[in-house]
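Protein sequence lines, in the order shown, are assigned to chains A and B. Residues 181 to 492, numbered by the numbering used here, are exactly what the first sequence covers, in order. Residues 7 to 303, numbered by the numbering used here, are exactly what the second sequence covers, in order. All C-beta atoms, glycine included, are put in the ideal place defined by N, C-alpha and C. Treat the numbers as computed from the prediction; the structure is a model and nothing was measured. Presented below is the structure to which this report refers.
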Amino acid sequence: MTTASSTSRQGTGKKPKSAGGRDTRVAWAFSTPALILMGVFIVLPFLLAFYLSFTNQRLISPLPTRFVGVENYTDTLSNAAFWKGFFNNVWFVVVVVPLQTAFALWLAILVNRKIPGRTFFRTVFFMPVVTVMAAAAVVWTLLFNANGLVNAVMETVTFGAFTPDWLNSTTWALPSMMIVGIWQGVGFQMVILLAALQDVPEVLYEAASIDGATRWQQFTNVTLPGIRNGLIFVMTVTTILAFRLFDQVWIMPRTPGGPLDSTRTMMLELVETGFSNQAIGRGAAIAVIFFVIVLALTLIQRRFIREEGEVT
Amino acid sequence: MSGRTAEITAIEETQLASMERARRRNLIIQYIFMVLLSIFFLFPLVFMFVSAFKSDASVLSDSGGAGAFIPSPWVGLDNFSSAVERASLWRVFFNSVIISSFIVGLGLIVNSLFGYALARLRFKGRNVLIALVIALIIIPFEALAVPLLYITAELGWLDTYHVQILPFVANALFVYLFYTFFLNVPVSLEEAARVDGAGPIRTFVSVVAPLAKPAYATMAILGFLFSWGQFLWPVMVTRGVDVRPLPLGIGVFKTTPPIQWGDIMAYAALMTLPLLIIFLIFQRYFIQGVASSGVKG
């Protein structure tokens, strides 16, 4: 036990070689289970995605696998259904990210004030997050019925001017899924922004109000810069989640992605190609394209956050 | 002199009074908004639970008005027993419990051990591994699904529990969560345990793990939240009802017309209820857990 006691005596200092040896053995023993699992289930499939995307691999096929070069990529990128899905995802992002972020921020500000009942309201706003999306999707399917509750409300609010048959309309099917997405996800973002709001030092608000700043000026000059990293994180996560859109488009329309491909998404394309049609090679190409999009989004996020770090 | 002071006080008082009035008005407006928002967030859930106790026909016919929130005609647990039968509800419920429990249970052990090793122990390759973990956080599961389907199909793992469990046990985000948690825990207690002659495993089990309760709670909650609702992967790797999780069972009702909305709502209610109850009991920890998942940004 001499090595252990000498370690403790030295505290933060360098450890003797023998302790390092024991540390190393323990460290690898502790790391091995996770490393094996990550290697087999994350790193290996990740590398395999690139490899398979250049082959004509099928899930079950008697034919030998052969290299087809970039054929899967050119096929995918010249496939109208893929682009339909891609642009639906982009449209989803363009509408949902600003809306949901602003909504989440508003909710966070509402429950951040120290007023009676705020815990109750915070709990209520967060509740949809813990509902399973598959369950939420079927419930909303009924709510978006032509004669359903959503249209009953619309009828009253717009005096009958706007009551589309949401899920059977090529225009309104995707927006109805946006509403479900926001309903289910906004509580999550609210909590993250709430944590960010509570990290803004109180003295900054005091200083601003002494300087005569109005509420709105405090919001734009103290709150927004103070929670900048939180906002960027929320926007990035929401964007990535929007590109992963799948459960709703599988469950809510009569046929997945319908009507007439108006709710087709990249993930639906991935599942239909790789799983339903068993075209593993083509599916892998879509997976790689999807990964590149997510990577680009993450790098953009990192850039913005680092810039903020440099300023302060 | 004293007159002027009194005057100023009077002005201040009227100012204060009007500020107080404005404050109260703002507060009332805020409460009105919060109540309206609560209705927006709650009505689909209330609708679901109420409809679960109504006949199939009236669920649909009442769905356009206030009747949607009145549980009449009351059919008791008929929908539930019908859902149990048609969708083999107990079976899929049991499957979901098994899958989520193993993902979370094994994950707590594996991820915390790795996170601890990265934070505490000095060994060659540590920095490389930390960089690897951070890099792996970026990779979304969907990007791995197709090659993973290929691997698991080659291994003959389709339609099993472990194909739905093993890929999700080790999770880079959770490793990172434990890693950052352990970085902020003082080393002194572990050193004391070491001096007392405790080996690394005993130190971990009896000193480190109890200290890390908040991190374990966070991972358990987030892990359960993510795994309970899984949809895309089970769609790809399970066929029969034997190993299918709850969310997929909902498909049974859509493929076999006529659509029995009462059954669907009962099924959806049962799918939602466990997580909702756990959330209401541990809601503070849920909120903290989610908040800490954003800290890394």
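In this chain, the alpha helix (DSSP H) harbouring ALA315 of chain A covers 313-323.
TRP430 of chain A belongs to the set of residues whose beta carbon lies under 9 angstroms from a beta carbon in chain B. For the segment 390-418 of chain A, the set of positions with a beta-carbon nearer than 9 angstroms to some beta-carbon of chain B reads ASN409, GLY410, ILE412, PHE413, VAL414, THR416, VAL417 in chain order.
For THR435 of chain A, the secondary structure class from DSSP, reduced to helix, strand or coil, is coil. Judged by beta-carbon spacing, VAL249 of chain B lies beyond the 9 angstroms limit of LEU155 of chain B, meaning their Cβ atoms are not closer than that value. Here the alpha carbons of LEU290 of chain A and MET40 of chain B stand approximately 8 angstroms from one another. Per DSSP, reduced to three states, the secondary structure at THR416 of chain A is helical.
Residues of the same chain with a CB within less than 6 angstroms of the CB of GLN266 of chain B, apart from the 5 flanking positions on each side, are ASP62 in chain order. Within the segment 204-223 of chain B, the residues whose Cβ lies closer than 7 angstroms to any Cβ of chain A are, in chain order, PRO206. Within the segment 195-221 of chain B, the runs of alpha helix (DSSP H) that reach at least 4 residues and sit entirely inside it are, in chain order, 206-209.
Taking every protein chain shown into account, the CB of ASN190 of chain B has fewer than 16 other CB atoms within 10 angstroms, so this residue is exposed. Taking a Cβ-Cβ cut-off of 8 angstroms, the neighbours of SER211 of chain A in chain B comprise LEU119, PHE120, ALA123, LEU124, LEU135, given in sequence order. Within the DSSP secondary-structure output, PHE247 of chain A pairs in a beta bridge with A:THR235. Within chain A, the residues THR311, VAL312, ALA315 have their CB atoms less than 7 angstroms from the CB of THR278 of chain B, given in chain order. Within the segment 95-165 of chain B, the runs of alpha helix (DSSP H) at least 4 residues long that lie entirely inside it are, in chain order, 95-126, 132-144, 148-160.
The continuous stretches of alpha helix (DSSP H) do not include THR244 of chain B, and DSSP gives it neither H nor E.
Only buried fits ASN268 of chain A, as 16 or more other CB atoms lie within 10 angstroms of its CB. In this structure, the alpha-carbon of ILE144 of chain B lies about 35 angstroms from that of PHE49 of chain B. For TRP80 of chain B, the three-state secondary structure derived from DSSP is strand. Proximity of ASN325 of chain A to chain B, defined by a Cβ-Cβ separation below 9 angstroms, is satisfied. Secondary structure note for SER241 of chain A: it is in no alpha helix (DSSP H), with a DSSP letter that is neither H nor E.
In terms of beta-carbon proximity, LEU254 of chain B lines the interface with chain A, with at least one pair separated by less than 9 angstroms. Residue range 252-255 is occupied by the alpha helix (DSSP H) that includes LEU254 of chain B.
DSSP, reduced to helix, strand and coil, places LYS264 of chain A within a helical segment of the structure shown. In the three-state reduction of the DSSP assignment, LYS294 of chain A falls in the coil class, being assigned neither a helical nor a strand state. Look at PRO244 of chain A: its C-beta is not under 9 angstroms from any C-beta on chain B. Inside the segment 379-407 of chain A, DSSP marks whole alpha helix (DSSP H) runs of 4 or more residues at positions 382-390, 395-398, from first to last along the chain. Interface criterion not met: the Cβ of GLY437 of chain A is under 9 angstroms from no Cβ in chain B.
Straight-line measurement puts the Cα of ALA215 of chain B at about 32 angstroms from the Cα of ILE407 of chain A. DSSP places ILE222 of chain A outside any alpha helix (DSSP H), giving it a letter other than H or E. Between LEU119 of chain B and ALA214 of chain A, the C-beta spacing is below 9 angstroms. Looking at B:TYR222, B:PRO79, B:GLU13, the one whose alpha-carbon comes closest to that of TYR182 of chain B is B:TYR222.
Within the segment 274-305 of chain A, the residues whose Cβ lies closer than 9 angstroms to any Cβ of chain B are, in chain order, TRP286, LEU287, LEU290, VAL291, ARG293, ILE295, GLY297, ARG298, THR299, PHE300, PHE301, ARG302, THR303, VAL304, PHE305.
For ILE485 of chain A, same chain residues with a beta-carbon under 7 angstroms away, outside a window of 5 residues either side, are ASN409, ILE412 in chain order. Neighbours of GLY463 of chain A across chain B, judged by C-beta separation under 7 angstroms: VAL152. The beta carbon of MET447 of chain A sits closer than 9 angstroms to some beta carbon of chain B.
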